[in-house]
Ligand code: UT7
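In my numbering, the protein residues as written are -15 to 315.
Shown next as structure tokens:
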């Protein structure tokens, strides 16, 4: 491993134009604006056009990140797309995006760790950038068209999700102790059925029956996921702080996965962190899975939620179960 830092040179995001409000949902399933807002904190979500794919969303976010970094596609040495809703199972959305962006023929692959995908992808990209002289800059994108796997007849899930993409341009720099400092990741597949999509993979390939049984949509045990998320995200942050000799008081800005405001509040409370140090945008976006953290990060950066020298913590959890936390020192 080289000494030095991996810095976030540029960020970008994209939210599709179409907005679906809680009131719109109340005309589709047996729910209400009041229920959704009080149980989740969500008021609206963005929904991609029927013809818009995961790589289309990723493309706009990636272009914005490249522009923010003042770099060209030719400057990128490595591309990772974190997604659980790729354009198709094969090839990867990253391969499709490589061509759309006109990148050089660089290593490009998808990474699926559900809603934790972006923090997983950051860790993989960071380690590759630190590994030697092969890679100088990485494009890491979280992109999801969750609306394509949501059951619009199931009120317990359809009110939660939205579509979006967010992207970071990462760069290896010779400075010390700046940018992405450390990441804690974990997974526990023993209770994967807490959040899963039963069919469409090799276990249950698509048949007329799987379609009739609505097996190509997300199934979720919301209560179990709620409890597990607070526990695993809390533990990941504790471990991250401990091994970097920091305390909760050192966190200037916490950017959590935007799934449910009550989850975020419970997490903040368990850490003893006041909500003014926690960035939330889920009211307007809903849960956008692996896009949620980079989109929130881009908005937090643009609205000056952190300054030079601040410690920022990203924290995620999702299907798998998977979880992760990343420590960043803003240059
Ligand atoms: O990225 C990870 C993705 N998933 C998550 O993070 C989800 C984590 N879990 C949650 O956010 C919450 O568990 C939910 C928001 C999904 C549900 O909130 P809850 O407070 O755990 O509600 P519940 O599941 O216990 O349901 C309470 C009641 C039930 O009715 P009964 O049995 O008490 O009569 C549900 O049938 O609310 C009912 N309900 C609804 N009512 C109106 C469930 N969904 C809805 C709805 N509108 N959309």
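For each residue, glycine too, the CB sits at the ideal point set by N, CA and C.
Task: Beta-carbon separation (whole angstroms), residue 98 vs residue 306, contact threshold 8 Å - done: The beta-carbon distance between residue 98 and residue 306, rounded to whole angstroms, is 6 Å. This is short enough to meet the 8 Å contact definition.
Task: CA nearest to the CA of residue -2, picked from 246, 286, 182, 127 - done: The candidate whose alpha carbon is nearest that of residue -2 is 127.
Task: Beta-carbon gap between residue 221 and residue 141 smaller than 8 Å - done: Result no, Cβ atoms of residue 221 and residue 141 do not sit closer than 8 Å.
- [ ] Return the first residue and the last residue of the alpha helix (DSSP H) that residue 131 is part of.
- [x] Careful: residue 131 lies outside any alpha helix (DSSP H) and carries neither H nor E.
Open item on the list: Is any non-hydrogen atom of ligand 2 found closer than 7 Å to the C-beta of residue 68, if you look at the structure I gave you?
Closed with: By its list of ligands, the structure shown excludes ligand 2, since it contains just ligand 1.
- [ ] Note down, one range per segment and in chain order, each alpha helix (DSSP H) of at least 4 residues found wholly within the region 32 to 62.
- [x] Within the region 32 to 62, the complete alpha helix (DSSP H) segments of 4 residues or longer fall at 38 to 53, listed in chain order.
Task: Contact under 8 Å by Cβ, residue 266 with residue 249 - done: The answer is no: Cβ separation not under 8 Å.
Task: Whole-Å CB distance - residue 289 paired with residue 263, under 8 Å assumed - done: The beta-carbon separation of residue 289 and residue 263, rounded to 5 Å, stays under the 8 Å limit for a contact.
Open item on the list: I'd like to confirm something about residue 207: is its beta-carbon nearer than 7 Å to some heavy atom of ligand 1, or not?
Closed with: Of the heavy atoms belonging to ligand 1, at least one sits nearer than 7 Å to the Cβ of residue 207.
Task: Integer Cβ distance of residue 179 from residue 302, believed to fall under 8 Å - done: 7 Å between Cβ atoms; contact.
Open item on the list: Quick check on the burial criterion: 16 or more other C-beta atoms within 10 angstroms. Buried or exposed for residue 315?
Closed with: By the neighbour-count rule (16 or more Cβ atoms within 10 Å), residue 315 is not buried but exposed.
Open item on the list: Does the region 61 to 79 come into contact with the region 93 to 108, if we say contact requires no fewer than three beta-carbon pairs (one atom in each stretch) closer than 8 Å?
Closed with: Because the criterion of three Cβ pairs below 8 Å is met, the region 61 to 79 and the region 93 to 108 touch.
Task: Inter-stretch contact (C-beta, 8 Å, three-pair minimum) for the region 212 to 228 and the region 189 to 204 - done: Inter-segment contact for the region 212 to 228 and the region 189 to 204 is absent: fewer than three beta-carbon pairs are separated by less than 8 Å.
Task: Cutoff 6 Å; reference residue 181; Cβ partners in own chain excluding five residues on either side - done: Contacts found: 133, 202.
TODO: Check whether the Cβ atoms of residue 198 and residue 14 sit closer than 8 Å, and answer yes or no.
DONE: No Cβ-Cβ contact shorter than 8 Å links residue 198 with residue 14.
TODO: Evaluate the contact criterion for the region 4 to 20 versus the region 34 to 46: three or more CB pairs, one atom per stretch, below 8 Å.
DONE: The answer is no - the region 34 to 46 does not touch the region 4 to 20, with fewer than three Cβ pairs under 8 Å.
TODO: Within 10 angstroms of the Cβ of residue 7, are there 16 or more other Cβ atoms? Answer buried if so, exposed if not.
DONE: Exposed.
TODO: Report the three-state DSSP secondary structure of residue 12 (helix, strand or coil).
DONE: In this structure, residue 12 counts as coil in the three-state DSSP scheme.
Task: When 231, 74, 213 are compared against residue 300, the one with the closest alpha-carbon - done: Of 231, 74, 213, the residue nearest in Cα terms is 213.
Open item on the list: Just checking residue 245 against ligand 1 - is the residue's beta carbon closer than 7 Å to any of the ligand's heavy atoms?
Closed with: Not so, every heavy atom of ligand 1 lies at least 7 Å from the Cβ.
Open item on the list: Would the region 61 to 75 count as touching the region 113 to 128 if we require 3 or more Cβ pairs under 8 Å?
Closed with: Contact between the region 61 to 75 and the region 113 to 128 is present: 3 or more CB-CB pairs across the two stretches fall below 8 Å.
Task: Three-state secondary structure (DSSP) of residue 269 - done: DSSP places residue 269 in helix when its eight states are reduced to three.
TODO: With a threshold of 16 other CB atoms inside 10 Å of the CB of residue 272, please say whether the residue is buried or exposed.
DONE: That one is buried.
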